[in-house]
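Right, one structure below, let's go through it.
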Amino acid sequence: MKVVAVFINLIYFLLLAPFLEGVMRKLTAWIQSRKGPPLYQPYLDLLKLLGKENLNSGGNWAYSLAPVLSFSSMLAAIALIPLTGQANILAHSSDLMTLIYFLTLSGFCLLVGALASGNPFAAVGASREMMTTVMLEPVLAMLLILGTVRISSFSLTAAVSGVAVSRGVSYFLMLVVYLLALQAFVARQPFDIAEAEVEILEGPYMEYSGPNYALLRYTLNLKRMFYAWLLISSFLSFILPANFFLSLLLQTVLIIVVFVLISLIGATHPRFRIDQALKYYALLLILALIAVGCAVKGW
Amino acid sequence: MTTLSGFWLFWLSLLLASFLALILKKKANYLRPAGTFLLGLSCLILILISLSILGKGGLPFEFEVKVAAFHLPFLIDGLSALFLLLLAILTLASVFFSLDFVKKYKADELWKFYLVLPLFIGGLAGLLTVDDLGPGFTLAWQLMVISSYLLVRWGRPVKISARPALVYLLFMEAAWLLITGSAFLAKGYVFGDSLGTVGLKLAQSGPWQAILFFSLLFLGFGIKTGVFPFGQWWIPEAYSTAWPQVSSLLAGILEKTGVFGLIRIFFFVAKNAGAAFNPELWGKVLVVAGVLTLFIGTVQAIKQSDYLRLLAYSSIGQVGYIIFALGSSLLAWNSSSLLAKSLASVIFIAAVYHSLNHGIFKGLLFLLGGNLLYATGTRDLNRLGGLLAVMPVSGFLAAIASYSISGMPASSGFVSKWLMISSNFLAGRNSLLLTLSGIIALFTAAFTLACYVKFFGLAFTSAGASWKLKKSIKEVPWKLLASEIFLTIICLSQAFLPMGYVKLINRSLGLSSGFLLPEAGGDVLSGNMLNLKIYDGQSLLAATSPLLMLFLIVLLAFLAYWFSRSAHPAEIKVPAWLSGYQDLNSNNVYADRHVFSDLKKFFWWTGGSPKKVIDDNELAVLPDSQQKGEIE
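What follows is the structure, encoded as structure tokens:
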């Protein structure tokens, strides 16, 4: 069962992630008075991209390796997570730092790929993406450390479930911080600064096409779903039922709700500039630090 | 061979190497191989000595040398042996690297290098073996300081190097005054007492003398390791001025002798001092100093355009991690919780582990910086780019080194930071200071990553080399690469055999008498050769397994590759889109000064803004007045 859990993690995320993009696109279209693509459109997009030729503008191994590693380290992060609060076989040799670093590695590979493409706009995007990572990764880390402080264990299961063990000041403060950071985590407006389609033409993704681009898109979808999942399973872990299937079902519904929220905010907000965003992230960091401080004090 | 005769043989071959440089002044072709051989030989002897102490049946080795009226106490225990091993390995790589690297030097530079380098190595080895704060320490310290001063001074043309070298000398002499002076605070101290005796005498002294004693030593060794703000005053200038193979030793081991000194004071002398030592106070001081150092050093590193300065600032940051861990270990040991007490030794092991890791990968990175300098002649990241195509091996090694220092999964940096940070959080869950500093340490890891994405990305990938560096660039000679591959292999072993290294450090602590912490944490930290786990009784608190992580990533990467290539797409090489221009030019290149510009502005208050990078070959061209304005 513990081995199967790893595969369930992977399959659940791989199957659902493109659908969530479909939800996002449909809702955004509705808000903009368009009809919008069908919900299954992202699957078709992925298939179509797989059939296209693979363009290489960098001419080096770093360029072609980056999308593959970015995708695989994102999947590795997903393989670790306790999907319905149950630890899987990998929990014996991983903990929350492993998860954080797998997520970082995924972003890191994208950056190296972008820099390797030789495109100046991609480099602009990579620089912005890195600045965002530097400021936002700690917020994710602090959420998990909140759980660690509560339960005194570094394991991922404890950290995720520990967040909602007691719901005091620190819980609500961290919830506010996470909600405020969510748009940035999933790289949607007003924080899609690194991609910024109309400004720097999708930044890091710019030179990628065909199968490589399919991998990067898929990675982005998985990443978005991961952050929505983390919101549900850490802050709302107390409402999830013990039954595996019921829990998974409720989780899925809640994740879709989170994506509705993301789309609504995304469709109605203009983009920040990176310098404005950095100030915003710094505020989030300070609030998150206060939340962890409160947790240490037991509030 | 007994340890003592080995020790004398080591010194003999060093002095012989130095002497040869004097004789073979004009004959560079003989001097290079001869110097390399003798230096290499002394390194091998050093390795044998360390292994004989750390190996089966080894024992700490103590002896006295009489010089004039002074008795110099020497002590090679487990901890010294461990650091001597690091010294020998780094020197071996650096010396073999120099064999071809120094071919570019003029003859008068070359013999000076071989004259002073052996003395420098001897000084470092002396610092790691003497066991006093008096005459022996003074001898070793002065040998180390004066020789490294000369190496820094000769690293670049005098116009650039005079000031950094002088600043370096002054700081090191100030540190020497602080350190040797401190011992006089112990009641009844006699110049030349061994460290253990100093500790015992300190226990008899008043409380204020004790506090002053530790303050002076903290300042002295703090200057040496580069604690904020002292590090910023001399490290960046000195490391970027010295020859890269010397900087590799400066960052790799010279800094670590400062760490070694801090360990000796706060974990050995402190034990003998008993009640005179206040672990709560000094734990806090070390944690705060460490966190400040690691954060500010790393943020400043991001701002640099000169890659040698970037590496120098990042060394300050990494040493901050080590000091932070030492403080955290003291606080954990002093806390009332049983788990925290046993985690104290785990955090201490992490500090030593990180010292070894940082020694290896920073030494490697400086040598790779030497590669870049050798091949391109420029130290400015703004002018580099795309070197992966022409220097594939250097690029690959730089990728591994950057990956390791960023602490990404399945790297040596990850293992030591994992040990440090996870046990810090577990031990300090009730302490606001430890939790918040742990978060800052974790937060700074992302900055380190940004720093090395920049270093690797702008030097080896991205665009640029083809248009700015018109002269053809080739991969560096194999001897340079071989010494780097040697270090890379050690770096990888540190990543994938974590328990092996933990056992080695444990063993070295077992072989060091008078260690403050109780027998290193065998009960909380366990694991086989592949993974590390922290247990509290039966429950698993934290675990990591670099090999499993690597396996997971590689397996999933194959899956991803298979998935993405399932339709057998055609691979086509296309030119990159250059914002509508035909070629790269100054209008469409994204150079180093643009990268992270908003982040750099946001953290303006950390200081350390970069200066204009001047290459050696430009120095001859620039008019005098312009030079002055830019260097000052």
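Chains as they are written, first to last, in our numbering: chain R, 88 to 386; chain F, 374 to 1005.
Ideal placement from N, C-alpha and C gives every residue a C-beta, glycine not left out.
Which residues DSSP lists as bridging residue i, in chain order
| i | result |
| --- | --- |
| ASP753 of chain F | F:ASP679 |
| PRO446 of chain F | F:GLU437 |
| SER391 of chain F | SER391 of chain F pairs with nothing; no bridge assigned. |
| SER567 of chain F | F:ASP505 |
| SER899 of chain F | F:LYS906 |
Coarse secondary structure for residue i, derived from DSSP in three states
| i | result |
| --- | --- |
| LEU995 of chain F | Residue confidence is low: LEU995 of chain F scores 48 on pLDDT, short of 50, so the model does not pin down where it sits. Its coordinate-derived value is still stated next. Here LEU995 of chain F sits in coil by DSSP. |
| ALA838 of chain F | With a pLDDT of only 49 at ALA838 of chain F, under 50, the local geometry of the prediction cannot be trusted, and no value is derived from it. |
| ASN961 of chain F | coil |
| ILE907 of chain F | strand |
| ALA893 of chain F | With a pLDDT of only 49 at ALA893 of chain F, under 50, the local geometry of the prediction cannot be trusted, and the value read off the model is given with reservation. Here ALA893 of chain F sits in coil by DSSP. |
| ASP505 of chain F | strand |
| LEU951 of chain F | coil |
| LEU142 of chain R | strand |
| VAL91 of chain R | helix |
| VAL518 of chain F | helix |
| HIS967 of chain F | coil |
| HIS179 of chain R | helix |
| MET229 of chain R | helix |
| LYS1064 of chain F | The first residue shown for chain F is 374 and the last is 1005, placing residue 1064 of chain F beyond what the model contains. |
| THR191 of chain R | helix |
| THR817 of chain F | helix |
| TYR478 of chain F | coil |
| HIS941 of chain F | coil |
| LEU243 of chain R | helix |
| SER160 of chain R | helix |
| ARG405 of chain F | helix |
First and last residue of the uninterrupted alpha helix (DSSP H) at residue i
| i | result |
| --- | --- |
| PHE470 of chain F | 451–474 |
| ASP362 of chain R | 361–383 |
| ILE352 of chain R | 331–355 |
| ASN645 of chain F | 643–646 |
| LEU623 of chain F | No alpha helix (DSSP H) contains LEU623 of chain F, which DSSP labels as neither H nor E. |
| ASN879 of chain F | 871–883 |
| LEU327 of chain R | First-last for LEU327 of chain R: undefined, no H or E at that position. |
| LYS985 of chain F | Here LYS985 of chain F belongs to no alpha helix (DSSP H), and DSSP marks it neither H nor E. |
| THR598 of chain F | 580–598 |
| TRP389 of chain R | Past the boundaries of the shown model lies residue 389 of chain R; chain R is included only from 88 to 386, so the question cannot be answered. |
| LYS398 of chain F | Premise fails: LYS398 of chain F is in no alpha helix (DSSP H) and is neither H nor E. |
| ALA615 of chain F | Note, ALA615 of chain F: premise wrong, no alpha helix (DSSP H); not H, not E. |
| LEU543 of chain F | 531–555 |
Residue range of the beta strand (DSSP E) that includes residue i
| i | result |
| --- | --- |
| SER912 of chain F | 912–917 |
| GLU944 of chain F | 944–946 |
Reference residue i, options the options, closest by Cα
| i | options | result |
| --- | --- | --- |
| ALA800 of chain F | F:PHE721, F:GLY750 and F:LYS984 | F:PHE721 |
| PRO225 of chain R | R:ALA369, R:ILE287 and R:CYS381 | R:ALA369 |
| SER253 of chain R | R:TYR150, R:ALA281, R:LEU371 and R:VAL383 | R:VAL383 |
| LEU506 of chain F | F:GLY451, F:ILE863, F:LEU589 and F:HIS731 | F:LEU589 |
| GLY759 of chain F | R:LEU107, R:TYR150, R:GLN128 and R:CYS381 | R:TYR150 |
| ALA268 of chain R | R:GLU289, R:LEU302 and R:LEU317 | R:LEU317 |
| ALA717 of chain F | F:ALA461, F:SER796, F:PHE586 and F:GLY631 | F:SER796 |
| LEU972 of chain F | F:GLY430, F:THR671 and F:LEU890 | F:THR671 |
| PHE969 of chain F | R:GLN173, R:MET217, R:TYR188 and R:PRO207 | R:MET217 |
| LYS984 of chain F | F:THR834, F:ASP481, F:LYS676 and F:GLY887 | F:LYS676 |
| ASP481 of chain F | F:ASP896, F:ILE733, F:LYS400 and F:GLY604 | F:LYS400 |
| LEU260 of chain R | R:PHE106, R:PHE241 and R:VAL379 | R:VAL379 |
| LEU419 of chain F | F:PRO406, F:LEU377 and F:SER789 | F:LEU377 |
| LEU699 of chain F | F:ILE636, F:LEU412 and F:LEU627 | F:ILE636 |
CB of residue i within 7 Å of CB of residue j, strictly
| i | j | result |
| --- | --- | --- |
| ILE287 of chain R | VAL211 of chain R | yes |
| PRO537 of chain F | ALA611 of chain F | yes |
| PHE456 of chain F | PHE633 of chain F | yes |
| LEU740 of chain F | SER621 of chain F | yes |
| ALA818 of chain F | GLY768 of chain F | no |
| ALA163 of chain R | MET312 of chain R | no |
| SER193 of chain R | SER144 of chain R | no |
Near the ligand COA: residue i beta-carbon under 6 Å from a heavy atom
| i | result |
| --- | --- |
| GLY670 of chain F | Ligands are entirely absent from the displayed structure, and the ligand COA is therefore not among its contents. |
Any C-beta of chain C under 7 Å from that of residue i
| i | result |
| --- | --- |
| SER795 of chain F | Among the protein chains in the structure shown, which are R and F, there is no chain C. |
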